[in-house]
Amino acid sequence: MKLNALQALVAAIEDGSLRKAGKRLGYSQPALTKMIQDLELELAAPLLVRNTRGVIPTVQGNLLLEHARRVDKEIVQATQQIAQLGGRCTAAAASPRFRSR
Numbered sequence: 000m001k002l003n004a005l006q007a008l009v010a011a012i013e014d015g016s017l018r019k020a021g022k023r024l025g026y027s028q029p030a031l032t033k034m035i036q037d038l039e040l041e042l043a044a045p046l047l048v049r050n051t052r053g054v055i056p057t058v059q060g061n062l063l064l065e066h067a068r069r070v071d072k073e074i075v076q077a078t079q080q081i082a083q084l085g086g087r088c089t090a091a092a093a094s095p096r097f098r099s100r
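Using numbering that gives the first Met the number 0, the first residue of the sequence shown is number 0, and each one after it goes up by one.
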C-alpha cells in the first residue's frame, strides 16, 4: 500500500471531489483516480462511491480513512522527532535476554 495513495483517499474524502483533491495534492484527476482504484484492487473492496456530485466514502473507505489519518499523524510525529535530533548520530542497541535454566 502506497502512502501517496492513502493521502489521495484522505483528500478525496475530505474534499468530496477527485478533481479538487487532485488539485490540492498536485495530481491530475485521472492520476488520483488511478491511485484510489489501485487501493480498491489491493483491498478487494470499494472505497468510494462516485456520482455526478462528487465522491462519498463507503464503509470500507471510512475505515481506511481512520487508519490513514493515524498513519499520517505517526509520520508527522516521527519527522518532528527526527528533526529534533538534528545532525546527531545516535544508535540504539538492545541486548538479548536469555532465560536461565
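Beta carbons: idealized from backbone N, C-alpha and C, even for Gly.
Keep in mind the model is a prediction, meaning the values are calculated, not measured.
- As DSSP reads the structure, R49 sits in a beta bridge with V54.
- Listed in chain order, the beta strand (DSSP E) elements of length 3 or more contained wholly in the segment 1-86 are 47-50 and 53-56.
- Taking a C-beta distance under 8 Å as the contact criterion, A11 and L47 qualify as a contact pair.
- Around the CB of V54, 16 or more other CB atoms lie within 10 Å, so the residue is classed as buried.
- Taking a C-beta distance under 8 Å as the contact criterion, L17 and Q28 qualify as a contact pair.
- With fewer than 16 other Cβ atoms inside 10 Å of its own Cβ, I74 counts as exposed.
- Ranked by Cα distance from E13, the first of L40, N61 and N50 is N61.
- Nearest Cα to L2 within the set Q83, L84 and K72: K72.
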